[in-house]
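Asker: 1 is the number of the first residue of the sequence shown in UniProt numbering; add one for each residue after it. One structure, pasted below without further comment.
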Amino acid sequence: MISASQATVTHDGPGPLKPITTSAETRKLQLREDLVPGAALDRLAAGMGRPVGVSAVLDEADRTLRDAIDCSQAERRALPLSPTATRAYCWNTDDTQGWRAGAVTTSGDADDDGVWGANRVILSGWSRSGGTTADHGLARVGFVKAGDLNHLSYTWALLAVPVDGGRDYRGLVSHVSGMVWYQDKLLVTADDGDRAALYVYDMNRIQRATVSGDAVGRVPGGWSAHGYRFVLPAVGSYELSGGSDAPRPATVSLDRSTVPDSLVAGEWTLDDGDRGARLWRYPFSAAPGRAGLLAADAAGQVHSPQAYETKLTGVRGVLSYGEQWYVTRAAGPSDRLGTLWRQTADADKAGGKASASGAAVCGAAETHSCWSPQTESLSYWEATGEVWTQSGRALFALPLASIDRTTE
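This is the structure we're talking about:
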């Protein structure tokens with residue numbers, strides 16, 4: 001059976017993805033690159049001090065994630081029934097209360113060997129959902145030291161945007177629903193309140209805060225980052241340029257199976273809406289001096305070479321690898337768990353099967369609601385074959401091969 005929130009999907013699934021090929025539709029997917037002038041970044045660094053890198057942040061990882069056995073029953077309910085997580089951890093309550101969990105990316109995205117320098121790293125995005133008017137919506141990233149998977153430690157860094165020519169910065173106010181760390185850049189989705197579709201951060205330009213306080217930016221005596229020791233100032237952004245009805249990339253992931261590597265994006269649609277979501281990709285640049293940036297033309301425009309529409313509504317996370325696309329939906333009003341569907345663009349590529357989609361089946365009623373209730377991104381660590389994601393205070397991983405086996 002299916003829930004009311006899945007009424008647009010037949011019992012056999014949403015079928016194959018529908019290619020989007022008309023120029024009028026693909027033009028809507030264009031982005032325009034806007035890089036912060038180097039002089040502004042240098043001015044900020046001159047005021048704050050020499051930037052540091054990822055290793056310096058990890059050296060101060062003084063908080064510890066709890067192993068699954070130490071998670072509460074309520075926290076473990078965020079884990080999927082099928083396929084099951086093979087690694088699971090929980091964030092601490094005292095520093096996540098009033099914060100909403102978002103996207104996950106790893107050093108497996110950043111470098112094909114899965115390691116950044118000498119470190120295995122997981123990055124976890126969060127946004128302030130409670131608090132005061134001044135800090136509501138602030139975005140931060142948890143830097144997780146993951147060299148020893150039996151002991152994950154972490155610390156926080158605030159996401160910021162330079163203002164006044166690099167003389168100050170403001171906090172990024174956005175739900176971090178999508179995030180990809182590629183080479184030395186971190187790309188983060190931005191909410192509707194901001195013209196930017198994605199903000200770009202340089203992992204070699206992490207700044208130390210010099211004043212511990214709730215304020216954000218320049219304050220008497222130095223620089224504050226809402227109590228955190230580190231702050232990432234954006235080095236650029238990608239703005240929507242496809243018109244008033246351009247889809248906003250609400251979820252993103254990395255696909256290393258394309259040439260060149262590409263950023264996969266998906267839009268959010270209403271759970272019970274009358275249309276499915278668009279899924280598309282942007283190629284990363286291979287040009288000298290553009291490490292981690294998208295491939296832009298001479299006018300600064302970034303074009304999508306491949307786009308599809310799925311019949312699924314309420315899309316939350318998307319991952320593409322090879323011919324397969326993996327799309328998650330949040331739990332519906334009457335469901336405890338969400339769904340994860342595997343789709344292809346052509347039924348013939350589904351091994352000759354009648355349907356080019358599949359999802360795990362579980363429970364006495366053989367429902368497809370087997371997945372975690374609220375995973376907003378999926379990150380494939382190619383070197384280990386694992387997919388990492390999080391839902392609520394639960395951070396977990398499982399082999400991509402297990403997803404393929406259970407969604408046949």
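Don't be surprised by glycine CBs; every beta carbon is placed ideally from N, CA and C.
1. Which whole-angstrom value describes the C-beta separation of L337 and S369, a residue pair presumed to lie in contact below a C-beta threshold of 8 Å?
2. When the Cα atoms are used, what is the spatial distance from V302 to V219?
3. Please name the residue in R278, E323, S285 whose C-alpha comes closest to that of G317.
4. Just the C-alpha distance for A124 and T251, rounded to the nearest angstrom, thanks.
5. What residues are listed by DSSP as bridge partners for D34?
6. Per DSSP, which one or two residues make a beta bridge with C370?
7. Given A397, which residues of its chain have a CB within under 6 Å of its CB, disregarding the five upstream and five downstream residues?
8. I'd like the span of the beta strand (DSSP E) that includes E75, first residue to last.
9. Out of curiosity, what's the CA-to-CA distance linking D42 and V327?
10. To the nearest angstrom, how far is it from the Cα of V235 to the Cα of I69?
11. Near A61, which residues of its chain fall below 6 Å by C-beta distance, leaving aside the five closest residues on each side in sequence?
12. Just to confirm, is the Cβ distance from L158 to R140 under 8 Å?
13. Can you check which of these residues, V315, K311, T367, is closest to S334 by C-alpha distance?
14. Ignoring anything shorter than 3 residues, give me the beta strand (DSSP E) runs that lie fully in the segment 251-313, in order along the chain.
15. At the level of alpha carbons, what is the spacing between P162 and L44?
16. If you draw a straight line from the alpha carbon of D346 to that of V259, how long is it in whole angstroms?
17. Going straight from the alpha carbon of A39 to that of A394, what length do you get?
18. In terms of residues, what are the limits of the beta strand (DSSP E) holding residue 409?
19. Following the continuous alpha helix (DSSP H) through G171, name the residue where it begins and the one where it ends.
20. What's the gap between the Cα of D112 and the Cα of D34?
21. Should the segment 172-179 be called in touch with the segment 99-111, which here means at least 3 C-beta pairs below 8 Å?
22. On a CA-only basis, which of V231, W280, A246 is nearest G142? Give me that one, please.
23. Does the segment 261-279 come within contact of the segment 64-80, defined as at least 3 CB pairs closer than 8 Å?
24. I need the boundaries of the alpha helix (DSSP H) containing E386, first residue and last residue.
25. In the DSSP assignment, find the alpha helix (DSSP H) that holds D109 and state where it starts and stops.
26. Could you tell me the distance, in whole angstroms, from the CA atom of S3 to the CA atom of L81?
27. Using a 10 Å radius around the Cβ and a threshold of 16 neighbouring Cβ atoms, would you call H136 buried or exposed?
28. Please report how far the alpha carbon of Q390 lies from the alpha carbon of L187, in whole angstroms.
29. Is S357 buried or exposed, if buried means 16 or more other CB atoms sit within 10 Å of its CB?
30. First and last residue of the beta strand (DSSP E) that includes S357?
31. The alpha helix (DSSP H) spanning R24 covers which residue range?
32. How big is the Cα-Cα spacing for G19 and E309?
33. Going by DSSP, what residues sit across from M179 in a beta bridge?
34. Mapping the DSSP letters down to three states, classify I122 as helix, strand or coil.
35. Over what stretch of residues does the alpha helix (DSSP H) that includes S320 continue unbroken?
36. Is DSSP giving T406 helix, strand or coil here?
Answerer: On the basis of the data shown:
1. By 1-based counting over the sequence shown, the position of residue 337 is 337. By 1-based counting over the sequence shown, the position of residue 369 is 369. L337 to S369, Cβ: 4 Å. Contact.
2. Residue numbering aside, residue 302 sits at position 302 when the sequence shown is read from its first letter. Residue numbering aside, residue 219 sits at position 219 when the sequence shown is read from its first letter. If I take the Cα positions, the gap works out to 37 Å.
3. Here the question's residue 317 lines up with position 317 in the sequence shown. Per the Cα distances, R278.
4. For the purposes of this step, residue 124 is identified with residue 124 of the sequence shown, where counting begins at 1. For the purposes of this step, residue 251 is identified with residue 251 of the sequence shown, where counting begins at 1. The question names Ala, yet the displayed sequence has Ser at residue 124. Going from the Cα of S124 to the Cα of T251 covers about 14 Å.
5. Translated into the one-based positions of the sequence shown, residue 34 becomes position 34. Paired residue(s): S237.
6. One-based indexing of the sequence shown puts residue 370 at position 370. C370 pairs with nothing; no bridge assigned.
7. Stepping through the sequence shown from its first residue, residue 397 is reached at position 397. Around A397: R87, E386, W388.
8. On the sequence shown, residue 75 is found 75 positions in, with the first residue counted as 1. Premise fails: E75 lies in the alpha helix (DSSP H), 73-76, not in any beta strand (DSSP E).
9. The count along the sequence shown starts at 1 and reaches residue 42 at position 42. The count along the sequence shown starts at 1 and reaches residue 327 at position 327. Approximately 40 Å, taken between the alpha carbons.
10. As a working mapping, residue 235 is identified with position 235 in the sequence shown. As a working mapping, residue 69 is identified with position 69 in the sequence shown. V235 and I69: Cα-Cα distance of roughly 40 Å.
11. On the sequence shown, position 61 is the one that residue 61 refers to. The residues are K145, S153, Y154, T155.
12. Position 158 of the sequence shown, counted from the start, is the residue given in the question as residue 158. Position 140 of the sequence shown, counted from the start, is the residue given in the question as residue 140. Between L158 and R140, the C-beta gap is smaller than 8 Å, which places the two residues in contact.
13. In the sequence shown, the residue the question calls residue 334 occupies position 334. Residue T367 is the option with its Cα nearest to S334.
14. 251-255, 262-266, 278-283, 306-309
15. As a working mapping, residue 162 is identified with position 162 in the sequence shown. As a working mapping, residue 44 is identified with position 44 in the sequence shown. If I take the Cα positions, the gap works out to 8 Å.
16. Residue 346 sits at position 346 when you count from the first residue of the sequence shown. Residue 259 sits at position 259 when you count from the first residue of the sequence shown. Those two C-alpha atoms are separated by around 20 Å.
17. Walking along the sequence shown from the start, residue 39 turns up at place 39. Walking along the sequence shown from the start, residue 394 turns up at place 394. Straight-line Cα distance between these residues: approximately 41 Å.
18. Given a span of 1 to 408 for the chain in the structure shown, any question on residue 409 remains unanswerable.
19. Position 171 of the sequence shown holds residue 171. Run containing G171: none in the alpha helix (DSSP H); it sits in the beta strand (DSSP E), 168-171.
20. What you label residue 112 is simply residue 112 of the sequence shown in a count that begins at 1. What you label residue 34 is simply residue 34 of the sequence shown in a count that begins at 1. Taking the Cα positions, D112 is about 27 Å away from D34.
21. The segment 172-179 is in contact with the segment 99-111.
22. On the sequence shown, residue 142 is found 142 positions in, with the first residue counted as 1. The residue among V231, W280, A246 with its C-alpha nearest the C-alpha of G142 is V231.
23. With the cut-off at 8 Å, the segment 261-279 and the segment 64-80 do not touch.
24. For the purposes of this step, residue 386 is taken as residue 386 along the sequence shown, with counting starting at 1. For E386, there is no enclosing alpha helix (DSSP H); the residue is part of the beta strand (DSSP E) that begins and ends at 386-391.
25. Within the sequence shown, the letter at position 109 stands for residue 109. Note, D109: alpha helix (DSSP H), 107-110.
26. What you label residue 3 is simply residue 3 of the sequence shown in a count that begins at 1. What you label residue 81 is simply residue 81 of the sequence shown in a count that begins at 1. Reliability of the predicted coordinates at S3 is poor, the pLDDT of 37 falling under 50, and no value is obtained from them.
27. Locating residue 136 in the sequence shown gives position 136, counting from the first residue. Its Cβ having fewer than 16 others within 10 Å, H136 is exposed.
28. Within the sequence shown, residue 390 is the residue found at index 390, counting from 1. Within the sequence shown, residue 187 is the residue found at index 187, counting from 1. Straight-line Cα distance between these residues: approximately 18 Å.
29. Position 357 of the sequence shown, counted from the start, is the residue given in the question as residue 357. Buried, by the Cβ-count rule.
30. By 1-based counting over the sequence shown, the position of residue 357 is 357. Annotation for S357: the continuous beta strand (DSSP E) segment containing it runs 357-359.
31. Translated into the one-based positions of the sequence shown, residue 24 becomes position 24. Correcting the residue identity first, residue 24 is Ala in this sequence and not Arg. Start and end: 23-26.
32. The sequence position of residue 19 within the sequence shown is 19, counting from 1. The sequence position of residue 309 within the sequence shown is 309, counting from 1. For the sequence presented, residue 19 should be read as Pro rather than Gly. The straight-line gap separating the alpha-carbon atoms of P19 and E309 is approximately 6 Å.
33. In the sequence shown, the residue the question calls residue 179 occupies position 179. V188, per the DSSP bridge assignment.
34. Numbered from its first residue, the sequence shown carries residue 122 at position 122. Reduced to three states, the DSSP call for I122 is strand.
35. Here residue 320 corresponds to residue number 320 of the sequence shown, with the count starting at 1. S320 -> not in any alpha helix (DSSP H); beta strand (DSSP E) instead, spanning 315-321.
36. Stepping through the sequence shown from its first residue, residue 406 is reached at position 406. Three-state result, T406: helix.
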